[in-house]
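Chains as they are written, first to last, in this note's numbering: chain A, 2 to 118; chain B, 2 to 118.
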DNA sequence: CATTCTATCTTGTAATGCAAGATAGAATGC
DNA sequence: GCATTCTATCTTGCATTACAAGATAGAATG
């Protein structure tokens with residue numbers, strides 16, 4: 002039971018899924034980089050490091066699914082780069098969620114114990 | 002709504018998931034390379050090309066999750082390379098399925114419309 | 001004997017997650 | 001002052017995977 006193989010697999014499993022997760026976390030309200038890390042861990046138990054979140058956010062912008070803007074610094078908060086979902090992003094969420102659920106249904110079908118042909 | 006971006010995303014989504022799907026399809030009975038392609042499409046609607054299945058099967062063996070053997074040719078069938086799940090593979094299926102479901106639960110939590118913090 | 005079909009395998013490309021490190025401003029401690 | 005720590009953003013390099021495209025080979029068909 003090689004544990005590293007399983008860990009390696011989990012890294013692959015997260016590919017694609019993280020993008021959808023971040024987009025959905027962005028939907029409830031605008032957030033900034035590290036806030037996604039905190040929010041995803043708190044809301045969904047997803048632990049994602051900084052080396053993942055920033056390139057991912059850049060990608061979302063490049064695909065037109067998110068927009069970014071800098072916040073004005075206040076007495077308590079430094080300037081932060083916030084991200085907002087675009088209409089195209091909303092459409093992407095709907096499409097991706099559909100694909101996700103289809104894949105999940107496929108997995109559960111295969112996981113069923115009933116002897117299938 | 003850039004369709005290529007979505008297609009690119011779906012390729013990423015399948016990473017990891019395909020390995021689990023193939024392992025589960027192997028659990029019901031031993032199969033050979035192209036048979037997985039046919040079985041996954043028929044049973045789960047998953048369409049996977051040859052360029053994916055063979056490297057994937059080699060990987061399963063390298064991780065100790067599957068074993069391979071050549072079948073004897075008969076009058077109707079050519080010699081084919083069959084794959085069988087190992088006990089370690091069974092354990093891996095259980096572990097991976099658990100991770101999959103945990104990730105799915107996280108996605109559904111994020112997909113929930115209820116206004117969360 | 002060329003073609004087609006099944007079956008396996010290889011090569012090269014594109015994409016992503018992430019560890020590790022770089023940068024920078026603000027606050028804290030000595 | 002000066003070093004340290006904390007938050008926050010971003011970059012670089014590595015490992016891994018999906019897959020299109022092509023290579024190989026035996027058997028059957030025309």
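Cβ atoms here follow ideal geometry from the backbone N, Cα and C, with glycine treated the same way.
Since the structure is predicted, the reported quantities are computational estimates derived from the model, not experimental observations.
Taking CB atoms only, residue 105(B) has a neighbour in chain A less than 7 Å away. Buried is the label assigned to residue 26(A), since at least 16 other Cβ atoms lie within 10 Å of its Cβ. The segment 35-47 of chain B makes no contact with the segment 87-104 of chain B, as fewer than three CB pairs between them are under 8 Å. In the DSSP secondary-structure assignment, residue 55(A) is not bridged to any residue.
With 16 or more other Cβ atoms inside 10 Å of its own Cβ, residue 84(B) counts as buried. Between residue 100(B) and chain A, the shortest Cβ-Cβ separation is below 7 Å. Per DSSP, residue 37(A) has no beta bridge partner at all. For the options 51(B), 28(B), 31(B), 30(B), the alpha carbon positioned closest to that of residue 38(B) is the one of 51(B). Straight through space, the alpha carbons of residue 63(B) and residue 72(B) are spaced by roughly 20 Å.
For residue 16(A), the neighbours in chain B by C-beta distance under 8 Å run, in chain order, 13, 14, 16, 17.
Non-local C-beta neighbours of residue 74(A) in its own chain, meaning closer than 8 Å and more than five positions away in sequence, comprise 80, ordered along the chain. Assignment of residue 82(B) by DSSP, reduced to helix, strand and coil, places it in the strand class. With a threshold of 7 Å between beta carbons, residue 64(B) makes contact with chain A. Counting along the chain, residue 13(B) sits inside the alpha helix (DSSP H) bounded by residues 4-15. Here the alpha carbons of residue 23(B) and residue 30(B) stand approximately 11 Å from one another. Scanning its chain for C-beta atoms nearer than 8 Å, with the 5 sequence neighbours on each side dropped, one finds around residue 40(A) the residues 26, 32, in chain order. Cβ-Cβ separation between residue 10(A) and residue 17(B): approximately 6 Å, consistent with a contact (criterion under 8 Å). For residue 67(A), DSSP records a beta bridge to 86(A).
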